[in-house]
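Trainee:
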Amino acid sequence: SNQPRHCHAKATQQGKGGDSFGAEVETLAGRADSKLADLHVQKVDDRWVVLQSISAGDDQLGWLYVAMGYEPDMTVQLAIGESFLHIALCQVMQRTADYVRSSEREEILWDLIEGSPASRLMAVDRSKWLRPQLSQPQRVLRGRLWDPAVELAGAEGEVLRSGRMRHRLLGRLREFLIAEGAGELVALRGNELAAIVPFALLPKVRRIVDDIAAIVCDFIPDVEPVWGVSGVCERPLSLDRASREASTALRAAEKLKAGTVASYDELGVVRLFVASPGDDSIREFVRQMLGDIIEYDERKDGRLLETLRSYFEADCSQQDAADKLFVHHKTVRYRLTRIEELSGLDLSKHEDRINLDLALKVHSVMDVLAADL
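Each number in my numbering comes from the position in the sequence shown (counting from 1) with 1 added on.
(1) Report the start-end ranges of each beta strand (DSSP E) in the segment 216-304 that is 3 residues or longer and not cut off at the edges.
(2) Nearest to Val271 by alpha carbon, out of Glu72, Asp112, Ile355 and Leu110?
(3) State the start and end residues of the unbroken alpha helix (DSSP H) segment that holds Lys325.
(4) Taking three-plus beta-carbon pairs below 8 Å as touching, is the segment 299-310 in contact with the segment 249-263?
(5) Residue range of the alpha helix (DSSP H) that Ala119 falls in?
(6) I need the boundaries of the alpha helix (DSSP H) containing Glu341, first residue and last residue.
(7) Is it buried or exposed, Phe274, if we count other Cβ atoms within 10 angstroms and call 16 or more buried?
(8) Three-state secondary structure (DSSP) at Leu135?
(9) Once the 5 residues before and after Arg175 are set aside, which same chain residues still bring their CB inside 7 Å of it?
(10) Leaving out five residues before and five after Asp293 in sequence, what residues of the same chain have Cβ atoms less than 7 Å from its Cβ?
(11) With C-beta atoms as the reference, is Ile114 less than 8 Å away from Val141?
(12) Which first and last residues belong to the beta strand (DSSP E) in which Gly182 is found?
(13) So, is Cys91 buried or exposed, given that buried needs 16 or more other C-beta atoms within 10 angstroms?
(14) Taking the C-alpha atoms as reference points, what is the distance between Ile209 and Cys218?
(15) Can you list, in chain order, the residues of its chain whose CB lies under 6 Å from that of His330, leaving out five sequence neighbours each side?
(16) Put Ser54 into one of helix, strand or coil per three-state DSSP.
(17) Going straight from the alpha carbon of Gln289 to that of Arg165, what length do you get?
(18) Quick test of your reading: Val233 and Pro138, contact by CB under 8 Å. State the CB separation rounded to the nearest angstrom.
(19) Just verifying my parser: in three-state terms, what is the DSSP assignment at Tyr66?
(20) Reducing DSSP to helix, strand and coil, say where Trp49 ends up.
(21) Do Phe286 and Asp358 have their CB atoms nearer than 8 Å?
(22) Buried or exposed for Leu202, going by 16 or more other Cβ atoms inside 10 Å?
(23) Let me check understanding here. Comparing Cα to Cα, which of Glu193, Phe220, Lys350 and Ser128 lies closest to Arg102?
(24) With distances taken Cα to Cα, identify the nearest neighbour of Gly303 among Pro199, Ile340 and Ser264.
(25) Do Val230 and Ala247 have their CB atoms nearer than 8 Å?
(26) What residue from Arg252, Leu251, Ala263 and Leu146 has the CA that sits closest to Glu225's CA?
(27) Can you tell which of Glu235, Arg252 and Leu79 has its C-alpha closest to the C-alpha of Gly144?
(28) For the beta strand (DSSP E) containing Glu193, list its first residue and its last residue.
(29) According to the Cβ coordinates, are Leu238 and Leu122 closer than 8 Å?
(30) Going by C-alpha to C-alpha distance, which of Leu178, Asp112, Leu170 and Ala263 sits closest to Ile221?
(31) Mark Ser117 as exposed unless 16 or more other C-beta atoms lie within 10 angstroms of its C-beta, in which case mark it buried.
(32) In the structure shown, what three-state DSSP assignment does Leu89 receive?
(33) Going by the CB atoms, is the gap between Ala196 and Leu178 shorter than 8 Å?
(34) For Trp130, count neighbouring Cβ atoms within 10 angstroms of its own Cβ and tell me buried if that reaches 16, exposed if not.
(35) Does DSSP put Leu113 in a helix, a strand or coil?
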């Protein structure tokens, strides 16, 4: 024919139409078999439409769509087939690159939070190209997606057993974290999920955890994730300690059934009873409760620790503590106010008193043990 011959070609990813074109492709694709490699030629109104499924292994990635005003002959079909091969190859290469990048980020995360000192040092160096960098204060999140005593069956079990679905879940989580300015360090291992986020404020971290949980539940319905959040970590080489804190908080959330998220900062004395053997939760508890007070006494030659001990021994009576210390009761009041400022605790609250009193007793025992060595 001497008439001009026009055609329109476009490739669309699976599930990413979003417009009238995408809707038409989805409608036509519903009539075709995405598992077949053959071209699907259909007459739609006054047009001829050719669909070709783009797949990688068992993963259906999208469709190559060609619309024209005439019935495609063998030459056209050969040209479409050549285009399809080029697009499919590009998709496979992109997918492979995505897998490699995802695996590299997971390796960096696990080395940072569980690796040997040498592995952590190398991981810090390898993470320098990530944004934001680990020089900012960080918190570690550790989650248990489902009870390990319960075997996931059906679709839920298939999600985690399928490398493809696992990759998609990690990709969705990574997209979310990047959009939130939370970096891209997230990893999945069995029923464990771990992430490193550059946020010091706990309310912000809790919102991030809630959104992560929602994404996980979109992929794996009917699971009930439980989370532990570490304290703030100022140095990337100390992220292993932050990971142990997050694990301690996770055990507290599991054992106490007090909610789906537990923060190490808020555990107080509870951390001593849920800590795993060999971790430094006891020393960390004393440091958090009394560290600034001890440092103040050493720097100012003060008597805050002695005053606090006398205050508790006097059943929290300022006057009795003053008599015991041979000072004016206003001096005791001033020192207690200074203690509250340094520790961030409130001596009028029962729980804060318990934490400080226990920290004092543990500190005394630690001093005795150290003196005997």
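We put the CB at the ideal spot given by N, CA and C, even for glycine.
The model shown is predicted, which means the values in this text are computed figures rather than measured ones.
Mentor: In terms of the structure at hand:
(1) 227-230 and 262-264
(2) Ile355
(3) Gln319 to Leu326
(4) no
(5) Pro118 to Arg127
(6) His330 to Ser344
(7) exposed
(8) coil
(9) Glu185 and Val187
(10) Leu343 and Ser344
(11) yes
(12) Premise fails: Gly182 is in no beta strand (DSSP E) and is neither H nor E.
(13) exposed
(14) 14 Å
(15) Gln319, Gln320 and Ala323
(16) strand
(17) 43 Å
(18) 5 Å
(19) strand
(20) strand
(21) no
(22) exposed
(23) Ser128
(24) Ile340
(25) yes
(26) Leu146
(27) Arg252
(28) Glu193 to Val198
(29) yes
(30) Leu170
(31) exposed
(32) Note that residue 89 is Ala in the sequence shown here, rather than Leu. Three-state result, Ala89: helix.
(33) yes
(34) exposed
(35) helix
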